[in-house]
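Numbered per my numbering, the sequence shown spans residues 2 to 96.
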Amino acid sequence: DLGFTLAGVITSDVGLAKGSSGIEGLALLDPFNVPAATVCCHTARVGDAQSTYFTGRISHLNKTADKIGVQLDEPARIAARRMLEHAANNPNKNC
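Have a look at this one:
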């Protein structure tokens with residue numbers, strides 16, 4: 002139980018970082034029906050939400066994000082829209 006509801010999560014892959022730690026958490030959100038994705042650190046500044054939204058491109062995603070249609074290399078703003086639309090129609094009841 003997360004204790005709160007998430008429409009989705011988009012973060013930076015931080016160049017995968019040590020041991021792929023930049024993407025390790027994506028699968029942890031699948032049991033909660035939360036779509037999650039990362040943007041490539043070469044397309045958006047790490048830690049900058051506006052950069053992530055406006056210039057980020059999806060580099061990795063979890064199974065839930067894949068099921069709702071998030072695609073690799075699509076703009077983060079489109080992925081965010083897909084996540085919000087999914088949440089509006091399918092609240093993650095496991096939270």
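Note that beta-carbon positions come from the ideal geometry of N, C-alpha and C, so glycine has one too.
CA-to-CA, the gap between His-43 and Val-15 works out to about 9 Å. Along the length of the region 18-62, whole beta strand (DSSP E) runs at least 3 residues long occupy 37-40 and 59-62, reported in chain order. Following the DSSP letters along the chain, one finds Ile-79 inside the alpha helix (DSSP H) bounded by residues 77-90.
In the structure shown, Thr-12 falls within a strand segment according to DSSP collapsed to helix, strand and coil. In this structure, Pro-36 is the residue among Gln-72, Gly-48, Pro-36 and Gly-70 with its C-alpha nearest to the C-alpha of Leu-7. Listed in chain order, the non-local C-beta contacts of Ile-24 below 7 Å within the same chain comprise Asp-14, Leu-17, Thr-39 and His-61, local neighbours out to five positions each way being set aside.
Bounds of the alpha helix (DSSP H) holding Asp-67 are 64-68. Under the criterion of beta carbons closer than 8 Å, Val-71 and Arg-58 do not qualify as touching, at roughly 12 Å.
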